[in-house]
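Structure record follows, encoded as structure tokens.
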Amino acid sequence: MREIEEARDWRNEEVDCSACPHKELLAANRCELRKACVQDRYARRIDRFFDWNPELADGHIAHPHFEVRAIAAKSANAFLLPALLSDPDETVRWEAVRRLPHRYRLMLRDDPHREVRIRVATLLDGADLMPMMKDQDYYVRIVVARKIDPALLILMIEDAEIEVRRIVAQRIDPQWLGRVALDDCPDVRLEAAERMTSEQLLSLRDDADWRVRHLVASRMSVDEVEAMIDDVDPIVAETARQRTKREPRA
């Protein structure tokens, strides 16, 4: 027979219901060992305790265990939450700020933990995201590039991360695609070429990457693509010939 697991708290000590300040809840079926217990080390059991007793959350936002503070923040009085924005644990800070008004989210744009900044970025829009364009973490910048107004993406054209620049190429105002097409990375140029007009594609007709030239040969106007029928890459040359219905030159 499988031995029943002992209930242990965050210090790895056995949970003692008789010493718990909420022991009266046991008789009222408002807590249960190994299922709904604020003393337990498992977050799911702590969460269930506050689901059953949300009115007790206010009294636990200063608990020594970060899991208790974070879970209590989900139900605690919102007026108590600003104090948690300086909590030493990032989980607590996030649980607090997501329930607070917009101005508090702005305060955590420079949070020391990347996960908080990433989540804050998902909640912000427009000019509020601009200070995060230069975030030290590439994934924060990815979130910003996906959300910010396309007109502002000109400020991220030279980002150090290729994936950020690819997103910029996918979303930036078309008038700036020529700038993006100068990128050192062919993957970024390819993204730009997907959105460029036939006239804009002329600048990429001699691109160093065959994939870019192939896309150009596929999309550029027939009048201009004839110059590509003798491209050094056979796939590019064949695409150009098919579009112009020309045979290879002797």
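When the letters of the sequence shown are read in order and numbered with UniProt numbering, they come out as residues 1 to 250. Using N, Cα and C, we set each Cβ at its ideal position, and we do this for glycine too. Predicted model, so just to flag it, every value in this text is computed and none were measured.
Check your understanding: Measuring from the CB of glutamate 163, is there a heavy atom of the ligand FAD at a distance below 6 Å?
Key -> Of the ligands one can find in the structure shown there are none, so the ligand FAD has no counterpart to examine.
Check your understanding: For aspartate 241 versus isoleucine 229, is the C-beta spacing smaller than 7 Å?
Key -> Sequence inspection shows arginine at residue 241; the aspartate mentioned does not correspond to that position. It is a contact, given that the beta carbons lie within the stated cut-off.
Exercise for review: Indicate the three-state DSSP secondary structure (helix, strand or coil) for alanine 36 in the structure shown.
Suggested key: Of the three classes helix, strand and coil, the one that applies to alanine 36 here is strand, per DSSP.
Exercise for review: Tell me glutamate 14's beta-bridge partners as DSSP assigns them.
Suggested key: DSSP lists Arg8 as partners of glutamate 14.
Point to revise | For glutamate 3, three-class secondary structure by DSSP | key: Unreliable positioning characterises glutamate 3 in this predicted model, as indicated by a pLDDT of 41, which lies under 50. A coordinate reading is not provided.
**Study point:** Residues near lysine 23 by beta carbon distance below 8 Å, same chain, minus five either side
**Key:** For lysine 23, where only same-chain residues beyond five positions count, the Cβ hits under 8 Å are Cys17.
Check your understanding: Of the choices Leu85, Asp110, Asp209, Arg114, whose alpha-carbon is the least far from that of residue 264?
Key -> For the chain, the structure presents residues 1 to 250; residue 264 sits outside this window and is missing.
Check your understanding: Residue range of the alpha helix (DSSP H) that leucine 215 falls in?
Key -> Membership of leucine 215 in the alpha helix (DSSP H) is indicated by the continuous run 210 to 219.
Point to revise | Which listed residue (Asn12, Val168, Pro88, Ala96) has its alpha carbon closest to that of proline 112 | key: Comparing Cα positions, the closest option is Pro88.
Point to revise | CA nearest to the CA of alanine 7, picked from Arg117, Ala36, Ile61, Ile148 | key: With distances taken between CA atoms, alanine 7 lies nearest to Ala36 out of Arg117, Ala36, Ile61, Ile148.
Review point. Helix, strand or coil: which one does DSSP assign to valine 236?
Key: The answer is helix: DSSP assigns valine 236 an H, G or I state.
Point to revise | Segments assigned alpha helix (DSSP H), at least 4 residues, entirely inside the segment 143 to 190 | key: Restricted to the segment 143 to 190, the alpha helix (DSSP H) segments that are unbroken, complete and at least 4 residues in length are 162 to 171, 177 to 180, listed in chain order.
Check your understanding: Is it the case that the Cβ atoms of arginine 213 and valine 236 are separated by a distance below 7 Å?
Key -> Yes, the Cβ-Cβ distance between arginine 213 and valine 236 is below 7 Å.
Check your understanding: Nearest CA to the CA of arginine 171: which residue from Arg195, Val68, Ala28, Pro186?
Key -> Nearest of Arg195, Val68, Ala28, Pro186 to arginine 171, Cα basis: Arg195.
Exercise for review: Measure how close the beta-carbons of leucine 153 and aspartate 128 come, nearest whole angstrom, since I'm counting them as under 8 Å.
Suggested key: Taking C-beta atoms under 8 Å as the contact rule, leucine 153 and aspartate 128 fail to qualify, at a distance of about 15 Å.
Practice item. Specify the secondary structure class of leucine 123 as computed by DSSP and reduced to three states. Key: Reduced to three states, the DSSP call for leucine 123 is helix.
Exercise for review: Starting from isoleucine 46, trace the alpha helix (DSSP H) both ways and give me its first and last residue.
Suggested key: Per DSSP, isoleucine 46 belongs to the alpha helix (DSSP H) from 43 to 52.
Practice item. Take aspartate 207 and list the residues in its own chain whose beta-carbon comes closer than 6 Å to its own, dropping the five residues that flank it on each side. Key: Cβ within range, chain order: Arg213.
Exercise for review: Tell me whether lysine 134 sits in a helix, a strand or coil according to DSSP, three-state version.
Suggested key: Looking at lysine 134 - three-state DSSP - the assignment turns out to be helix.
Review point. Would you call aspartate 159 buried or exposed, if buried means 16 or more other Cβ atoms sit within 10 Å of its Cβ?
Key: Per the 10 Å Cβ criterion, buried.
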